[in-house]
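My numbering applies: residue 102 is where the sequence shown begins, and numbers increase by one.
In this text, a Cβ means the ideal position worked out from N, Cα and C, and glycines have one as well.
Data block below; observations after.
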Amino acid sequence: MYKSLKDCLIDLERSGQLIRIREEVDPFLEMAEIHRRVFRAGGPAILYENVKGSPFPAVSNLFGTMERARFIFRHTLKSIEQIIKLAENPLHGLKKPWELAALTAPATKMLPRKVKHAPVLQHRTRIRDLPQIQSWPKDGGAFLTLPQVLTLDPDHPSVLKSNLGMYRVQISGNQYQPDKEAGLHYQLHRGIGVHHARALTRGEPLKVSIFIGGPPAHTLAAVMPLPEGMSELSFAGLLAGRRFKYVQKDGWIISAEADFCITGTVEKRLLPEGPFGDHLGYYSLQHLFPVLKIEEVYHRPDAVFPFTVVGRPPQEDTIVGRLIHEITGPLIPKNLPGIKAVHAVDAAGVHPLLLAIGSERYVPYQERQPRELLTQANALLGFGQLSLAKYLLIIAEQDDPHLDIQKVEDFFNHLLARVDWQRDLHFITGTTIDTLDYSGSGLNQGSKVIIAAAGEARRKLASRLPADFGLPARFKNVRPVRPGILALEGPKFTGYQKAAEEIEFLSKGLDSGLNKIFPLIVIADDSAFLSQSFGNFLWTVFTRSNPSHDIYGVQSFIEHKHWGCRGSLIIDARSKPHHAPALETDPEISKKVDRLAEKGHSLHGII
Numbered sequence: 102m103y104k105s106l107k108d109c110l111i112d113l114e115r116s117g118q119l120i121r122i123r124e125e126v127d128p129f130l131e132m133a134e135i136h137r138r139v140f141r142a143g144g145p146a147i148l149y150e151n152v153k154g155s156p157f158p159a160v161s162n163l164f165g166t167m168e169r170a171r172f173i174f175r176h177t178l179k180s181i182e183q184i185i186k187l188a189e190n191p192l193h194g195l196k197k198p199w200e201l202a203a204l205t206a207p208a209t210k211m212l213p214r215k216v217k218h219a220p221v222l223q224h225r226t227r228i229r230d231l232p233q234i235q236s237w238p239k240d241g242g243a244f245l246t247l248p249q250v251l252t253l254d255p256d257h258p259s260v261l262k263s264n265l266g267m268y269r270v271q272i273s274g275n276q277y278q279p280d281k282e283a284g285l286h287y288q289l290h291r292g293i294g295v296h297h298a299r300a301l302t303r304g305e306p307l308k309v310s311i312f313i314g315g316p317p318a319h320t321l322a323a324v325m326p327l328p329e330g331m332s333e334l335s336f337a338g339l340l341a342g343r344r345f346k347y348v349q350k351d352g353w354i355i356s357a358e359a360d361f362c363i364t365g366t367v368e369k370r371l372l373p374e375g376p377f378g379d380h381l382g383y384y385s386l387q388h389l390f391p392v393l394k395i396e397e398v399y400h401r402p403d404a405v406f407p408f409t410v411v412g413r414p415p416q417e418d419t420i421v422g423r424l425i426h427e428i429t430g431p432l433i434p435k436n437l438p439g440i441k442a443v444h445a446v447d448a449a450g451v452h453p454l455l456l457a458i459g460s461e462r463y464v465p466y467q468e469r470q471p472r473e474l475l476t477q478a479n480a481l482l483g484f485g486q487l488s489l490a491k492y493l494l495i496i497a498e499q500d501d502p503h504l505d506i507q508k509v510e511d512f513f514n515h516l517l518a519r520v521d522w523q524r525d526l527h528f529i530t531g532t533t534i535d536t537l538d539y540s541g542s543g544l545n546q547g548s549k550v551i552i553a554a555a556g557e558a559r560r561k562l563a564s565r566l567p568a569d570f571g572l573p574a575r576f577k578n579v580r581p582v583r584p585g586i587l588a589l590e591g592p593k594f595t596g597y598q599k600a601a602e603e604i605e606f607l608s609k610g611l612d613s614g615l616n617k618i619f620p621l622i623v624i625a626d627d628s629a630f631l632s633q634s635f636g637n638f639l640w641t642v643f644t645r646s647n648p649s650h651d652i653y654g655v656q657s658f659i660e661h662k663h664w665g666c667r668g669s670l671i672i673d674a675r676s677k678p679h680h681a682p683a684l685e686t687d688p689e690i691s692k693k694v695d696r697l698a699e700k701g702h703s704l705h706g707i708i
């Protein structure tokens, strides 16, 4: 149980799970490229001892493997699992009272503790002296990528009603005054947004504290999807095995054990923030976001600056997501009756694709079809961060009780064998979607679709094209992706009206019987890339399509405002002009990192 980030790093190095990079490294692109390469190799945490332009060492890849993530929290995960089991089934504590008694000590760590002294307040610095990490060539500047951002509810300013979240912070570039301003990017559904709105209503600035580092439990707590009313500071104490210590200084709450703390205020003023290479694998573009007016930057004597790098999955945040699912997964069936399992698919960018297994118990004396599943699907789309799902695919447990939702290809095989495109598509149009998803009609604007399938298999999926298969003109390079899925290339996308005409032409040229063996057809810019791996299929299709605009079908129809199709479903996953550009690394930076892998250098034998 670590008292600080440095304690954790000492423990990791002692157990052979940390390497030191002695050479001077550049926070402009080079450190991020090192991180990506080491992560892909399944390598250790990385301590950068000599950061160009900064007096502070930095660390990344702390949670780079599941084994290391579990190792870091090995002393407290078991008690958390027991507490969650108790929350899932309160009678469990009555049946096994000795386990209930064993949880008394961990529970006492949940109350934040106010202290008089804090190591983090011993020194001051400037924003420009922090490692100026820029991860991707077109990023708008340097960003904090592991900040713990704390605000108090202006109407109820209690520490136990605080919000601790992780929102990226732009610390250089654009129109920000150096050392005096930063960009604070938060999304519509975040708790800080509620606090900011209340502060504006009261005509007051919102005080913001940004913690960097500290015990790793504090970092994880900032991204936990906790039930409403549970404080992230309480969870941080539970996960750390020691109470969250804080001080109050000039009206700000400050984490006593953080490595760095930035204090400031947010008012009405907005400035362009971004671009930023984000976790969907594209740049999130420049948009107006709140400006943080910086008051002070504090740091402890032995401060280490932690950061991560996001991009097309998998990345380090993939591991964090898996750990969170391990911890919180059992709570979902308790809160959503009938739901057996959910999986936000990381390879598709997390929010674009959500898989679910539910129960279909309605009308048991008739042939099973989606009824209860639709009730459960609507509940999922109103539940916490699951509400950001764009494609929700849900199936009935009764059709295959042994299906593992983590095996995404098996899930698709199961659904595509059963789905009825005339019945099983349910659209939600003109709604909010993830801020980072540019497939929609505007920032935060797009659509959703529920695909609910239940019952006996209605088709046998094929992996090879029929001998007489042909494509209409203007379409080419058809390739099977997986059983039941075809990819083909269409003309360059020039607009939705033209796309509708092109796909109508394609639909008329396809036999409706194709639905019996290939129920899903994808139009792409590069069918070879899409069919190369199932990961490429997931990433391309679900990050580059807006259901209401990009789903078509062979022999489609509208009946009583319900859309369906009698033949295969067609998804247009071509790049559109309004999409954000995909992330690409700088070849020269890659060569620079290659040299660190040569014999006698710090990454030799690692990458």
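Annotation for Asn436: the continuous alpha helix (DSSP H) segment containing it runs Leu432 to Asn436.
Taking Pro407 as the centre and dropping the five residues before and after it, the same chain places the C-beta of Val160, Leu247 and Gly314 closer than 6 angstroms to its C-beta, in chain order. By the criterion of a C-beta distance shorter than 8 angstroms, Ala146 is surrounded in its chain by Leu110, Leu113, Gln118, Leu119, Ile120, Val160, Ser161, Asn162, Leu163, Gly165 and Arg169, once the five residues flanking it on both sides are discounted. Residue pairing by DSSP places Gly284 opposite Gln271 and Val392 in a beta bridge.
Here Asp240 is not near Pro373, since their CB atoms are 8 angstroms or more apart. In the three-state DSSP reduction, Trp664 falls in the strand class (E or B).
Taking a cut-off of 8 angstroms on C-beta distances, the region 360 to 372 does not touch the region 331 to 348, as fewer than three cross pairs fall below it. With distances taken between CA atoms, Ala574 lies nearest to Leu607 out of Arg560, Leu607, Pro581 and Val550. Gly459 has Ala497 as its beta-bridge partners, per DSSP.
Counting along the chain, no beta strand (DSSP E) covers Glu358, and no H or E run does either.
The count of Cβ pairs closer than 8 angstroms, one atom from the region 602 to 616 and one from the region 407 to 427, stays below three, leaving the stretches out of contact.
Per DSSP, the beta bridge partners of Asp673 are Ile624. Under the DSSP definition of a beta bridge, Trp353 partners with Lys350. With 16 or more other CB atoms across the displayed protein chains lying within 10 angstroms of its CB, Phe361 is buried.
Straight-line spacing of the CA atoms in Gln349 and Glu333 works out to 18 angstroms. Positions of the alpha helix (DSSP H) runs, each at least 4 residues long and wholly inside the region 628 to 653, are given as 628 to 633, 635 to 644 and 648 to 651 in order along the chain.
Listed in chain order, the non-local C-beta contacts of Pro156 below 7 angstroms within the same chain comprise Asp230, local neighbours out to five positions each way being set aside.
Note: Ile586 is bridge-paired with Arg583 and Leu621 in the DSSP secondary-structure output. With a threshold of 16 other beta carbon atoms within 10 Å, Lys561 falls short and is exposed. A check of alpha carbon separations from Ile496 across Leu704, Gln507 and Leu474 identifies Leu474 as the nearest. In the three-state DSSP reduction, Lys609 falls in the helix class (H, G or I). Per DSSP, the unbroken beta strand (DSSP E) holding Leu148 starts and ends at Ala146 to Val152. In the three-state scheme derived from DSSP, where H, G and I count as helix and E and B as strand, Ala553 is classed as strand. With contacts defined by Cβ atoms closer than 8 angstroms, Leu437 and Gly665 do not form a contacting pair.
Looking at the DSSP output, Leu222 bridges to nothing. Looking from the CA of Arg675, the closest CA among Leu704, Glu660 and Lys593 belongs to Lys593. For the 8 angstroms CB-CB criterion, Leu537 and Asp379 form a contact. Listed in chain order, the non-local C-beta contacts of Glu396 below 6 angstroms within the same chain comprise Thr364 and Gly365, local neighbours out to five positions each way being set aside. Residue burial is scored here from C-beta neighbours: Asp500 has at least 16 other C-beta atoms within 10 angstroms and is therefore classed as buried.
Assignment of His705 by DSSP, reduced to helix, strand and coil, places it in the coil class. Non-local C-beta neighbours of Phe336 in its own chain, meaning closer than 7 angstroms and more than five positions away in sequence, comprise Ala322, Met325 and Leu327, ordered along the chain. In this structure the region 613 to 632 does not lie against the region 682 to 689, because fewer than three pairs of beta carbons, one per stretch, are closer than 8 angstroms.
In the DSSP assignment, Ala298 falls within the unbroken alpha helix (DSSP H) covering Gly292 to Arg303. For Glu125, the closest C-alpha among the options Ser385, Arg214, Pro232 and Tyr653 is that of Pro232. Contact annotation: Tyr539 and His680 have beta-carbon atoms nearer than 8 angstroms.
Setting aside the 5 residues that flank it on each side, Lys441 is surrounded in the same chain by Ile458 and Glu498, each with a C-beta closer than 6 angstroms to its C-beta; the list follows chain order.
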